[in-house]
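Novice: So the sequence shown is numbered by the UniProt record's numbering: it starts at 1 and just counts up by one.
Positions of the beta carbon are idealized from the N, C-alpha and C atoms, including for glycine.
Pasting in a structure now, in structure tokens, and then I'll have a few things to ask.
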Amino acid sequence: MTEPVIALNDATVTVANQTKILKGLNLEIFPGDFITVLGTNGAGKSTLFNAISGDLELSSGTISYQGKNITNLPAVKRTAFLARVFQDPKMGTAPRMTVAENLLLAEKRGFHRGLKNRHLTAEKLAYYREITAKMGNNLEDRLETAAGSLSGGQRQALSFLMAIQVKPELLLLDEHTAALDPKTSAQLMDATNHQVVDNQLTALMITHNLADALKYGNRLIVLHAGEIVLDVKNQDKDQLTEEDLLEYFVH
């Protein structure tokens with residue numbers, strides 16, 4: 001049987017007032033899974049991502065990476081196998097560095113990163129032009145532009161490309177299209193899907209868009225009050241409708 005990339009076993013997160021944000025959650029994420037994650041505000045979605053990334057300690061339970069216990073592994077060391085794209089386009093890029101320089105910096109994820117010896121060869125620039133062209137928003141024409149001068153959609157596309165520049169074992173997409181207008185959001189979502197599928201990435205994506213949750217990925221989970229109340233994949237997922245999912249929000 002295939003070993004999960006990440007496994008959470010009885011994962012519990014309790015805050016100071018003894019409220020449990022995650023309640024003994026169990027989740028196995030397998031290679032090639034593209035999991036869309038739904039849930040109301042306060043359901044535990046961001047807490048789940050923070051626990052996986054190491055930004056939040058578990059109160060009890062364990063997290064494993066390829067069978068190895070990483071429950072106490074610091075967040076900075078998890079970047080060697082994990083990447084995350086946040087909702088805010090400003091969070092994933094260095095604003096004063098150019099698009100090309102940001103991509104070069106991303107190639108050092110998981111290692112010591114400095115600003116010295118930024119070798120932007122003609123070959124490297126040609127490669128960056130090729131990969132940015134796949135995002136469909138003219139980012140390839142802005143390689144020498146500072147990231148802070150990009151549109152929100154272009155900057156978020158850059159954040160996404162930086163996250164997959166060194167292929168992560170797990171990609172966390174934390175509502176990465178939510179801050180964009182509908183047209184730009186749809187464009188980035190389509191590009192995201194192509195990149196995840198073409199590069200055989202393993203990904204979790206939080207979304208509040210029911211249509212996107214149904215359209216993309218091979219698997220869907222719904223969180224409620226810190227627990228997984230629905231976990232479906234493949235054909236079972238394909239048979240779901242938005243009305244089916246709304247039931248989990250109504251009740």
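In whole angstroms, what separates the C-alpha of Ser59 from that of Ala16?
Specialist: The alpha-carbon atoms of Ser59 and Ala16 are separated by roughly 11 Å.
Novice: Just tell me which of Gln18, Leu143, Val37 has its CA closest to the CA of Leu220.
Specialist: Comparing Cα positions, the closest option is Val37.
Novice: Can you grab the Cα-Cα spacing for the pair residue 293 / Asp55, in whole Å?
Specialist: Nothing about residue 293 can be reported from this structure: the residues present for the chain run from 1 to 251 only.
Novice: Just verifying my parser: in three-state terms, what is the DSSP assignment at Lys20?
Specialist: Correct three-state label for Lys20: strand.
Novice: Distance check for Leu103 and Gln161, CA to CA, integer angstroms please.
Specialist: The sequence shown places Leu at residue 161, not Gln. Each residue's alpha carbon lies about 8 Å from the other.
Novice: Going by other Cβ atoms of all chains shown within 10 Å of its Cβ, with 16 needed for buried, is Thr2 buried or exposed?
Specialist: Thr2 is exposed by the Cβ-count criterion.
Novice: Return the chain-ordered ranges of every beta strand (DSSP E) run that is complete within the stretch 17-61 and spans a minimum of 3 residues.
Specialist: Qualifying beta strand (DSSP E) stretches, in chain order: 20-29, 34-39.
Novice: Does DSSP put Glu227 in a helix, a strand or coil?
Specialist: Residue state, collapsed to three classes: strand.
Novice: Within 10 Å of its beta-carbon, does Asn209 have 16 or more other beta-carbons around it, so buried, or fewer, so exposed?
Specialist: Looking at its Cβ environment, which holds 16 or more other Cβ atoms inside 10 Å, Asn209 is buried.
Novice: Since I believe Gln87 is in contact with Glu175 (beta carbons under 8 Å), could you give me their beta-carbon distance rounded to a whole number of angstroms?
Specialist: Indeed, because the Cβ distance is near 4 Å, the residues count as touching under 8 Å.
Novice: Residues in the same chain with beta-carbon distance under 6 Å from Thr177, minus the five sequence neighbours each way, listed in chain order, please.
Specialist: Excluding sequence neighbours, Thr177 sits near Ser185, Leu188, Met189.
Novice: Out of Lys20, Asp10, Asn41, which has the shortest C-alpha to C-alpha gap to Thr71?
Specialist: Among Lys20, Asp10, Asn41, the Cα nearest to that of Thr71 belongs to Asp10.
Novice: So who's on the other strand from Asp174, going by DSSP bridges?
Specialist: DSSP lists Ile206 as partners of Asp174.
Novice: Quick check: what's the CA-CA separation for Leu8 versus Phe81?
Specialist: So the alpha carbons of these two residues sit roughly 16 Å apart.
Novice: Rounded to whole angstroms, what is the Cα-Cα separation between Val196 and Thr202?
Specialist: Going from the Cα of Val196 to the Cα of Thr202 covers about 7 Å.
Novice: If you draw a straight line from the C-alpha of Ala245 to the C-alpha of Gly24, how long is it?
Specialist: The sequence as given places Leu at residue 245; Ala does not occur at that position. So the alpha carbons of these two residues sit roughly 23 Å apart.
Novice: May I have the straight-line CA-CA distance separating Thr145 from Leu125, to the nearest angstrom?
Specialist: When rounded, the distance between both Cα atoms is 13 Å.
Novice: Under the DSSP definition of a beta bridge, which residues are partnered with Ala146?
Specialist: BP columns for Ala146 point to Thr98.
Novice: With a threshold of 8 Å between beta carbons, is Ile206 in contact with chain D?
Specialist: The structure shown contains no chain D; it is built from a single protein chain.
Novice: Pull up the DSSP beta-bridge partners for Arg84, would you.
Specialist: Answer by DSSP bridge pairing, in chain order: Leu172.
Novice: Which residues share a DSSP beta bridge with Val222?
Specialist: According to DSSP, which records beta bridges pairwise, Val222 is partnered with Leu38, Leu230.
Novice: So, at 6 Å on beta carbons, what are the nonlocal neighbours of Ala43 in its own chain, with the 5 sequence-adjacent residues on each side left out?
Specialist: Cβ neighbours of Ala43 beyond the five flanking positions: Leu223, His224.
Novice: Tell me which same chain residues have a C-beta within less than 8 Å of the C-beta of Ala94, skipping the five on either side of it?
Specialist: Answer for Ala94: Glu101, Asn102, Leu105, Ala147, listed in chain order.
Novice: Quick one: Cα of Asp236 to Cα of Glu242, how far?
Specialist: About 14 Å.
Novice: Please work out which residues of its chain come closer than 7 Å, Cβ to Cβ, to Thr62, disregarding the five sequence neighbours upstream and downstream, and give them in chain order.
Specialist: Correct list, in chain order: Asn9, Asn69, Thr71.
Novice: Hey, Gly217 and Ser159: beta-carbon distance below 8 Å or not?
Specialist: Their beta carbons are not under 8 Å apart, which means Gly217 does not touch Ser159 by this criterion.
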